[in-house]
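Here the structure comes first, spelled out in structure tokens, and everything after it is commentary.
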Amino acid sequence: MYKTVSITNKTYQELNTLSARLEKPKSQLIAELVRKLHKSMEGQEKQKLDAFNAKMQTLIAHIQLPRGTKVSTENIDEDFRVLKDTPGVF
Amino acid sequence: MFAGYVIDTNIHAAYLLQGYEADPLTKKYLAFYSKIPLSQRLVPDFIMNEFELFITQVAPAKYRMSGEQATSFDKAVTTYLRDIATSFTLLTTPLEAYKIAFSLYEQNTQHRHISFTDSLLVALAKQQDFLLLTKDRRLQTIAKELQVGYFDPKFAPGLQ
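Taken in sequence, the protein lines are chains A and B. For the first sequence, my numbering gives the first residue as 2, with consecutive numbering after it. For the second sequence, my numbering gives the first residue as 1374, with consecutive numbering after it.
Okay, here's the thing in structure tokens:
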């Protein structure tokens, strides 16, 4: 499946030049550029994810609910019914 | 390489409340979620809205938190919401996805009701070729019918 994107005239001209020089279709060049950019970001992404996981696990560990509380997130839609008894909401 | 997973409200909620939910299947969803790079966690505007309402209004009322408990909860919630806004990928909803969603909503009104928010979620995934991460079985069934890819813990036995 193909999608359309809008790029500036200058970028299009440069893409066209590269396409002619490398004898590759423009779509293939874009795919390669995206792949390379993605690859270069992987290391940073992993660091960010590890830092995020560590920070959130600390915060989540400090969450205290009333003793004996058991949570189920099976039916969130149903849980919204609790708001009908809450003054000031809806 | 793929763009990422659109994350349903039930995943965000289960993530923050994980210390109090014992369901083994939920643990598998969360193990998978914790491995998704932040930029590949796609958060549509309407999910942000639903999740914020759930976590700031519904959860404190449903679980009857005391003032002190609400304070520690707010700290985690505020940090998580800020990270969603700054590190996850936020999505706005294209008009085409709304049209698909309304059609889905109407089709499912009679025999298996799904909310308009859920209709939007699966419609957005379909229209934008995103994968779906939800615990909702009904939504997974509809995703399957629409050939929208979704995470199924049955096919990820190594996660725990």
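We put the beta carbon where it would ideally sit given N, CA and C, even for glycine. Bear in mind that the values here come from a model prediction, so they are computed numbers and not experimental data.
Contact check, B/Y1453 vs A/M57, beta carbons under 8 angstroms: In this structure, B/Y1453 lies near A/M57, with their beta-carbon atoms less than 8 angstroms apart.
B/T1514, enclosing alpha helix (DSSP H) - first and last residue: Taken as a continuous stretch (DSSP letters only), the alpha helix (DSSP H) holding B/T1514 covers R1510 to E1518.
Beta-bridge partners of B/P1417, as assigned by DSSP: Beta-bridge pairing links B/P1417 to B/L1464.
Residue of B/I1457, B/F1524, B/L1464 and B/A1496 minimising C-alpha distance to B/S1476: The shortest Cα separation from B/S1476 among B/I1457, B/F1524, B/L1464 and B/A1496 belongs to B/A1496.
Three-state secondary structure (DSSP) of B/Y1436: Residue state, collapsed to three classes: coil.
Proximal chain B residues relative to A/K85, where beta-carbon distance stays under 8 angstroms: The contacting residues do not exist; A/K85 stays about 10 angstroms from chain B at best.
Below-8 angstroms beta-carbon distance, A/T12 vs any chain B residue: Not a single C-beta of chain B is nearer than 8 angstroms to the C-beta of A/T12.
Nearest-angstrom Cα separation, counted from A/L23 out to B/T1507: When only Cα atoms are considered, B/T1507 and A/L23 end up about 43 angstroms apart.
Reduced DSSP category for A/L23 - H, G, I as helix; E, B as strand; rest coil: DSSP, reduced to helix, strand and coil, places A/L23 within a helical segment of the structure shown.
Chain-order list of residues whose beta-carbon lies under 6 angstroms from that of B/A1474 (same chain, five-residue window excluded): Within its own chain, the residues whose Cβ lies closer than 6 angstroms to the Cβ of B/A1474, once the five positions on either side in sequence are excluded, are S1492, L1493 and A1496, listed in chain order.
For A/Y13, the three-state DSSP class (helix, strand or coil): DSSP, reduced to helix, strand and coil, places A/Y13 within a helical segment of the structure shown.
Which residues DSSP lists as bridging B/Y1378, in chain order: B/R1414 and B/L1504.
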